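Basically the numbering used here = 1-based index in the sequence shown + 34. All residues carry an ideal CB built from backbone N, CA and C; glycine is no exception. Model, not experiment: these values are computed from the prediction.
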Amino acid sequence: MEPPHYSSSHPNTITYTQTPPAPPTQPPSGLGSAPASRYELQKRRDWNTFGQYLNNQQPPVALSQCTSHHVLDFLRYLNQFGKTKVHLPGCIFYGQPDPPAPCACPLR
C-alpha cells in the first residue's frame with residue numbers, strides 16, 4: 035500500500051492503493067527547490083509518524099517486516115476522530131489526491 039493520497043481541498047480525504055509504501059523523496063540540500071505543497075508536507079508527516087508507530091511496537095517492527103495489519107492499525111490511529119474520506123475502488127475520484135467535486139464515498 036503506498037502512502038495515502040490526501041486532498042488539499044479536503045484534508046481528511048485518503049485514497050488507498052495496493053502498492054507497498056515508499057519514503058517520500060527529499061530534494062538535495064541547497065538546490066533551491068520549490069516549497070513543498072500542503073499535500074506533500076502531510077504525506078511526509080504521516081510517513082514519519084508511521085515510522086515512529088513501527089518503532090513503538092513491542093517489539094519494534096522493521097519496515098521490511100511491516101504487514102498490512104500494521105498499516106491498517108496505523109490508519110485507524112490516524113482516523114480516531116472519524117473524519118477520513120475513503121474513496122472506494124469504483125469511485126470516479128479513486129486515486130486522485132485532489133478530487134474536483136464531492137462524492138458519495140464513506141467517511142470513516
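F143, enclosing alpha helix (DSSP H) - first and last residue: Here the chain covers residues 35 to 142 and nothing more, so residue 143 does not appear.
As assigned by DSSP and simplified to three states, the class of G124: Three-state result, G124: coil.
Neighbour-count burial assignment, H103, 16 or more Cβ in a 10 Å radius: With fewer than 16 Cβ atoms within 10 Å of its Cβ, H103 is classed as exposed.
Residues bridged to L75 (per DSSP): None; L75 has no bridge partner.
Whole-number beta carbon distance between D80 and L106, since they are thought to touch under 8 angstroms: About 14 angstroms separates the two Cβ atoms, so there is no contact after all.
Among N90, Q114 and G85, the one whose alpha carbon lies nearest that of L97: In terms of CA proximity to L97, G85 leads the group N90, Q114 and G85.
Option in Q114, A68 and L88 with minimal Cα separation from C100: Looking at the Cα atoms, L88 is the closest of the given residues.
Cβ shell of F127 (< 6 angstroms), same chain only, five flanking positions each side left out: Cβ neighbours of F127 within its own chain (closer than 6 angstroms, five residues either side excluded): H121, P133 and C137.
Cβ neighbour criterion (16 or more within 10 Å) applied to T118: In this structure T118 is buried. Its beta-carbon is surrounded by 16 or more other beta-carbon atoms within 10 angstroms.
Length of the line joining the Cα atoms of S67 and E74: Spanning the two alpha carbons is a distance of roughly 13 angstroms.
Given L109 as reference, the closest of R72, C125, T83 and G129 once Cα atoms are compared: Among R72, C125, T83 and G129, the Cα nearest to that of L109 is on T83.
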